[in-house]
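Undergrad: Following this message is one structure expressed as structure tokens.
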Amino acid sequence: MRNAFAKALIHAAQADERVVLLTGDHGYSLLDEFRQVCPHQYINAGVAEQNMVGVAAGLAKAGLRPVVYGLSAFVPMRVLEQIKLDVCNERLPVVFIGDGAGVVYSTLGASHQCTEDVAALRALPHMAILSPADTWEMTACMELAFVAQGPVYVRMGKSDLGTVHSRRPDVAWGEPILLRNGHGPLAWIATGSMVPTTLRVALHWPGSAVWSAPCLKPLHPGPIVSIGRRYGAIITLEEHSIHGGLGSAVAEIATSHAPTWVCRIGIPDRFSRGCGSYQYLLAEHELDDEAITRKVRGFVDDLPGNVMQKPSLMAMQQVA
Amino acid sequence: MRRFESHRLRQTVLRMAYAGSSVHIACAFSLIEILAVLYRSHMHLGDATPRAPGRDYLVLSKGHGVMAQYACMRELGWLNDWHIDNYFHDGTLLKGLSDAHVPGLEVTSGSLGHGLSVGVGLALAAKRQGTGQRCFAIVGDGEMNEGSIWEALLFAAHFQLSNLVVIVDANKFQALGRTQEVMRLDSIVHKLTAFGLEAYEVDGHDESAIDETLSHIAASTSNAPRALVAHTVKGKGVSFMENDNRWHYSRLTASAYHGALRELKTIRRAGGVSLLMTKPCHQGAYAPRSPNLSMDV
């Protein structure tokens with residue numbers, strides 16, 4: 001997926017000389033080709049993220065198309081106020097790339113792990129948030145980001161977890177993408193790294209429908225409302241805090257427009273405890289297949305019986 | 001009528017502050033002569049509209065002094081008396097800190113340490129695009145507590161942004177006290193020089209000295225970003241506000257307003273030279289530097 005990002009970036013820079021990449025001294029090997037191919041569009045701003053974002057704002061004000069690359073623990077977290085005031089406030093077209101989102105820097109601890117970026121950015125006016133699940137979505141998201149009229153954050157995992165699409169999907173603002181159709185009763189909406197996991201786990205519940213949500217903000221109410229009306233319950237999955245991310249966004253829409261049961265699966269409200277592999281840390285946060293299956297089973301068991309036994313009338317009509 | 005006369009700019013600031021019951025009067029008063037000289041003689045304003053293409057940028061990183069810039073914008077005809085007399089009234093545009101949504105203001109600041117970086121970006125863009133635009137970024141000495149200021153200075157020097165002029169309004173005070181006592185800065189010009197800027201210092205209320213130094217800066221051919229440390233007096237121009245940090249926060253009563261206005265009109269009759277006793281500028285061993293005595297080493 002990171003290679004797809006690097007390719008998309010080079011493509012954008014070659015197509016438009018206004019594209020300028022800024023990095024806070026990060027991107028070892030990832031950005032090497034960009035540096036070689038587009039040396040005049042590459043700026044290493046040093047280990048000074050706050051200034052880097054302010055500079056990007058100035059460049060955007062003057063008509064350039066800056067891309068700010070960093071680890072998500074630093075961009076956006078360390079520079080949240082610069083993003084708010086210098087960029088979002090004027091709705092400047094700056095693309096932020098947050099690499100290594102989630103707990104993938106599993107051996108590096110709290111400084112490099114980031115499970116709060118989506119929550120932080122969702123509250124900033126004008127900010128769009130993209131969270132691609134595989135190389136196909138990444139390519140589509142990068143194209144979307146470069147035609148945006150305002151700031152965009154692209155959340156990127158570091159590990160390649162395989163593809164979930166067999167060809168390039170249409171990624172549209174605010175719309176989840178249907179990956180596997182089913183008549184219910186469970187509807188699964190996942191984002192980023194959790195999409196491949198979700199495709200596996202959902203098989204335990206025949207009839208499950210699975211969506212990928214590469215666009216977390218805006219998240220249009222329409223598709224969520226129609227999912228909420230058609231299915232008995234929604235399961236959301238993300239490698240992000242259960243507070244403020246995809247699950248919260250879905251629940252906000254559901255409570256306002258189409259009350260339904262929502263099970264939010266993500267990082268619990270705590271920091272990682274142990275050191276170890278990425279897989280180890282996912283398990284620590286109960287985001288491995290087994291733990292998710294257990295959680296969903298518990299959730300389903302607690303639902304009123306009629307939710308699971310009776311696919312909704314509309315779902316039956318859809319199937320018919 | 002000569003534009004940007006300092007006593008008139010200060011009167012405009014007072015009118016606004018009184019109309020809006022605004023604070024930060026002293027923060028604006030230290031800036032007046034710097035802005036007057038910039039707008040009168042050094043800023044390229046293009047077609048003289050606030051968003052003129054190709055204009056030089058004036059970035060007020062110390063957003064607290066924004067009333068001084070509003071006063072200049074009134075001289076330019078970008079604001080009128082209605083704006084001045086309805087300051088802070090419900091639904092109006094002009095805020096108490098610099099806001100980029102106001103035509104004529106380039107950045108949103110007031111959270112300190114932001115504007116300089118944006119100004120660095122504007123200067124970098126102008127360099128890359130070869131537009132010849134310059135960027136004058138005004139920071140406060142108190143604002144230099146912020147780490148991002150030093151990040152921006154490092155960046156500007158590294159990328160040789162010779163079209164950037166960092167102007168420090170060194171009024172020796174910040175919100176809760178004297179800059180030297182809150183977070184000791186010592187010689188700003190030495191620090192700027194050490195960071196690779198071509199730095200000068202000047203009496204920030206001596207318009208001809210500011211003018212001369214800015215001309216010297218413009219003529220210099222070095223690749224370094226420029227810096228001008230303007231030694232100023234917080235609250236300059238009104239005797240009871242000068243060096244009295246309460247005027248960072250205080251609002252004008254009717255008697256304070258009329259008293260301050262009377263003083264400024266007295267100065268006007270005296271031809272721009274204050275007849276009033278003013279308190280000493282600051283305690284340090286500062287001697288105004290002539291422009292040809294650059295700190296460039």
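Quick note, the sequences are listed as chains A and B, same order.
When you line the first sequence up against my numbering, it's residues 1 to 320, in that order.
When you line the second sequence up against my numbering, it's residues 1 to 297, in that order.
The beta carbon of each residue, even a glycine, is placed where N, CA and C say it ideally should be.
#1: Should T23 (chain A) go down as buried or exposed, given a rule of 16 or more other Cβ atoms within 10 Å for buried?
#2: Quick one: complete alpha helix (DSSP H) runs, 4+ long, within the segment 109-153 of chain A?
#3: Helix, strand or coil for P50 (chain B), going by three-state DSSP, please let me know.
#4: Could you give the first and the last residue of the continuous beta strand (DSSP E) run that contains F96 (chain A)?
#5: Please report the distance separating the alpha-carbon of L276 (chain B) from that of F240 (chain B).
#6: Using 10 angstroms around the beta-carbon of K265 (chain B), count the other beta-carbons present and answer buried if the total reaches 16, otherwise exposed.
#7: Who are the neighbours of H114 (chain B) on chain E, taking C-beta pairs under 7 Å?
#8: Which of the three DSSP states, helix, strand or coil, is assigned to F173 (chain B)?
#9: By how many angstroms is the C-alpha of P39 (chain A) removed from the C-alpha of D141 (chain B)?
#10: Are the beta-carbon atoms of V118 (chain B) and A62 (chain A) separated by less than 8 Å?
#11: Taking the alpha helix (DSSP H) that S215 (chain B) belongs to, which residues open and close that run?
#12: State the Cα-Cα distance for the pair L130 (chain A) and P66 (chain A), rounded to the nearest angstrom.
#13: Would you say A302 (chain B) lies against chain A (beta-carbon separation less than 8 Å)?
#14: Output needed for A17 (chain B): all residues of its chain with C-beta closer than 6 Å, excluding positions within five of it in sequence on either side, in chain order.
#15: I need the boundaries of the alpha helix (DSSP H) containing T193 (chain B), first residue and last residue.
#16: I'd like to know if L59 (chain A) contacts chain B, where contact means its C-beta is closer than 8 Å to some C-beta of that chain.
#17: Quick one, which of B:I167, B:H216, B:L192 and B:N223 has its alpha-carbon nearest I32 (chain B)'s?
#18: Taking only beta-carbon atoms, is A152 (chain B) less than 8 Å away from chain A?
#19: Taking 8 Å as the limit between beta carbons, can you name the residues of its chain near V13 (chain B), skipping five residues before and five after?
#20: Expressed to the nearest angstrom, what Euclidean distance is found between the alpha-carbon atoms of M43 (chain B) and S162 (chain B)?
#21: Can you give me the C-alpha to C-alpha distance between L176 (chain B) and C135 (chain B), rounded to a whole angstrom?
#22: Let me confirm a value: P76 (chain A) is counted as buried when at least 16 other C-beta atoms fall within 10 Å, else exposed. Which label applies?
#23: With F195 (chain B) and A256 (chain B) assumed to form a contact (beta carbons below 8 Å), what rounded beta-carbon distance in angstroms separates them?
#24: Taking Cβ-Cβ distances shorter than 9 Å, what residues in chain A pair up with T108 (chain B)?
#25: So the candidates are B:W82, B:A36 and B:S98; which of them puts its Cα closest to the Cα of V59 (chain B)?
#26: Between which two residues does the alpha helix (DSSP H) carrying A157 (chain B) extend?
#27: For chain A, find out if any of its Cβ atoms is closer than 8 Å to the Cβ of L93 (chain B); answer yes or no.
#28: Look at T260 (chain A) and G222 (chain A) and say whether their C-beta atoms are less than 8 Å apart.
#29: For P218 (chain A), is the classification buried or exposed, using 16 other Cβ atoms within 10 angstroms of its Cβ as the cut-off for buried?
#30: Could you say which of A:R122, A:A8, A:G98 and A:V118 lies nearest to H112 (chain A) if we only look at CA atoms?
#31: In the DSSP assignment, find the beta strand (DSSP E) that holds N44 (chain A) and state where it starts and stops.
#32: Do V262 (chain A) and G247 (chain A) come within 8 Å of each other at the CB atom, strictly closer than that value?
#33: Using only CA atoms, which one of A:M308, A:V300, A:L282 and A:D302 lies nearest to Y105 (chain A)?
#34: A148 (chain A) touches chain B at which residues, Cβ-Cβ below 9 Å?
#35: Ordered along the chain, which non-local residues of its own chain (more than five positions away) have a Cβ less than 7 Å from that of P169 (chain A)?
TA: Straight from the coordinates:
#1: Residue numbering aside, residue 23 (chain A) sits at position 23 when the first sequence is read from its first letter. Counting Cβ neighbours within 10 Å, T23 (chain A) comes out buried, since at least 16 surround it.
#2: 117-122 and 135-147
#3: By one-based count along the second sequence, residue 50 (chain B) stands at place 50. Note: P50 (chain B) maps to coil in three-state DSSP.
#4: Counting from 1 along the first sequence, the entry for residue 96 (chain A) is found at position 96. Element bounds for F96 (chain A): V95 to D99.
#5: Along the second sequence, one-based indexing puts residue 276 (chain B) at 276. Along the second sequence, one-based indexing puts residue 240 (chain B) at 240. Confidence at L276 (chain B) is low in this model, with a pLDDT of 43, below 50, so the placement of that residue should be treated as unreliable; the coordinate-derived value is given next. Straight-line Cα distance between these residues: approximately 11 Å.
#6: Here residue 265 (chain B) corresponds to residue number 265 of the second sequence, with the count starting at 1. Exposed, since its Cβ has fewer than 16 Cβ neighbours within 10 Å.
#7: The chain inventory of the structure shown lacks chain E, comprising the protein chains A and B.
#8: The residue labelled residue 173 (chain B) in the question sits at position 173 within the second sequence. For F173 (chain B), the secondary structure class from DSSP, reduced to helix, strand or coil, is strand.
#9: Here residue 141 (chain B) is taken as the residue at index 141 of the second sequence, counted from 1. Here residue 39 (chain A) is taken as the residue at index 39 of the first sequence, counted from 1. About 37 Å.
#10: Locating residue 118 (chain B) in the second sequence gives position 118, counting from the first residue. Locating residue 62 (chain A) in the first sequence gives position 62, counting from the first residue. Their beta carbons are not under 8 Å apart, which means V118 (chain B) does not touch A62 (chain A) by this criterion.
#11: By one-based count along the second sequence, residue 215 (chain B) stands at place 215. Its alpha helix (DSSP H) spans residues E207 to A219.
#12: In the first sequence, residue 130 (chain A) corresponds to position 130, counting from 1. In the first sequence, residue 66 (chain A) corresponds to position 66, counting from 1. Going by the C-alpha atoms only, they are around 17 Å apart.
#13: The question about residue 302 (chain B) has no answer here: the residues shown for chain B are numbered 1 through 297.
#14: For the purposes of this step, residue 17 (chain B) is taken as residue 17 along the second sequence, with counting starting at 1. For A17 (chain B), same chain residues with a beta-carbon under 6 Å away, outside a window of 5 residues either side, are I25 and L252 in chain order.
#15: Position 193 of the second sequence, counted from the start, is the residue given in the question as residue 193 (chain B). I188 to A194 is the span of the alpha helix (DSSP H), which, as asked, contains T193 (chain B).
#16: The residue you call residue 59 (chain A) lines up with position 59 of the first sequence. Between L59 (chain A) and chain B, the shortest Cβ-Cβ separation is below 8 Å.
#17: Against the second sequence, residue 32 (chain B) aligns to sequence position 32. Taking only the C-alpha atoms, the option nearest I32 (chain B) is B:I167.
#18: Here residue 152 (chain B) corresponds to residue number 152 of the second sequence, with the count starting at 1. Closer than 8 Å to some Cβ of chain A, the Cβ of A152 (chain B) qualifies, so yes.
#19: Counting from one through the second sequence, the residue named residue 13 (chain B) turns up at place 13. Within the same chain, V13 (chain B) has close Cβ partners I25, A28, F29, I32, M67, A68, Y70 and A71.
#20: As a first step, residue 43 (chain B) is located in the second sequence; it is residue number 43 there, counting from the start. As a first step, residue 162 (chain B) is located in the second sequence; it is residue number 162 there, counting from the start. Whole-angstrom Cα-Cα distance: 15 Å.
#21: Numbered from 1 along the second sequence, position 176 holds the residue referred to as residue 176 (chain B). Numbered from 1 along the second sequence, position 135 holds the residue referred to as residue 135 (chain B). Rounded to the nearest angstrom, the two C-alpha atoms are 30 Å apart.
#22: As a first step, residue 76 (chain A) is located in the first sequence; it is residue number 76 there, counting from the start. Result: buried.
#23: On the second sequence, position 195 is the one that residue 195 (chain B) refers to. On the second sequence, position 256 is the one that residue 256 (chain B) refers to. With a Cβ gap of about 40 Å, F195 (chain B) and A256 (chain B) do not count as contacting.
#24: Within the second sequence, residue 108 (chain B) is the residue found at index 108, counting from 1. Under the 9 Å cutoff, chain A gives L85, D86, N89 and E90.
#25: Start at 1 with the first residue of the second sequence, and residue 59 (chain B) comes out as number 59. Nearest of B:W82, B:A36 and B:S98 to V59 (chain B), Cα basis: B:S98.
#26: Working through the second sequence from its first residue, we reach residue 157 (chain B) at position 157. If you look at A157 (chain B), you'll find it in the alpha helix (DSSP H) that goes G147 to H158.
#27: Position 93 of the second sequence, counted from the first residue, corresponds to residue 93 (chain B). Judged by the 8 Å Cβ criterion, L93 (chain B) is not in contact with chain A.
#28: For the purposes of this step, residue 260 (chain A) is taken as the residue at position 260 of the first sequence. For the purposes of this step, residue 222 (chain A) is taken as the residue at position 222 of the first sequence. Cβ atoms of T260 (chain A) and G222 (chain A): not closer than 8 Å.
#29: In the first sequence, the residue the question calls residue 218 (chain A) occupies position 218. With fewer than 16 other Cβ atoms within 10 Å, it is exposed.
#30: Taking the first sequence and counting its residues from 1, the one referred to as residue 112 (chain A) is at position 112. Taking only the C-alpha atoms, the option nearest H112 (chain A) is A:G98.
#31: Numbered from its first residue, the first sequence carries residue 44 (chain A) at position 44. From DSSP, the beta strand (DSSP E) with N44 (chain A) extends over Y42 to N44.
#32: As a first step, residue 247 (chain A) is located in the first sequence; it is residue number 247 there, counting from the start. As a first step, residue 262 (chain A) is located in the first sequence; it is residue number 262 there, counting from the start. It is a contact, given that the beta carbons lie within the stated cut-off.
#33: The residue labelled residue 105 (chain A) in the question sits at position 105 within the first sequence. Among A:M308, A:V300, A:L282 and A:D302, the Cα nearest to that of Y105 (chain A) belongs to A:L282.
#34: Counting from one through the first sequence, the residue named residue 148 (chain A) turns up at place 148. For A148 (chain A), there are no C-beta contacts with chain B under 9 Å, since the nearest C-beta of that chain is about 19 Å from it.
#35: For this step, residue 169 (chain A) is matched to residue 169 along the first sequence. So the qualifying residues of the chain are W136, E137, A140 and I177.
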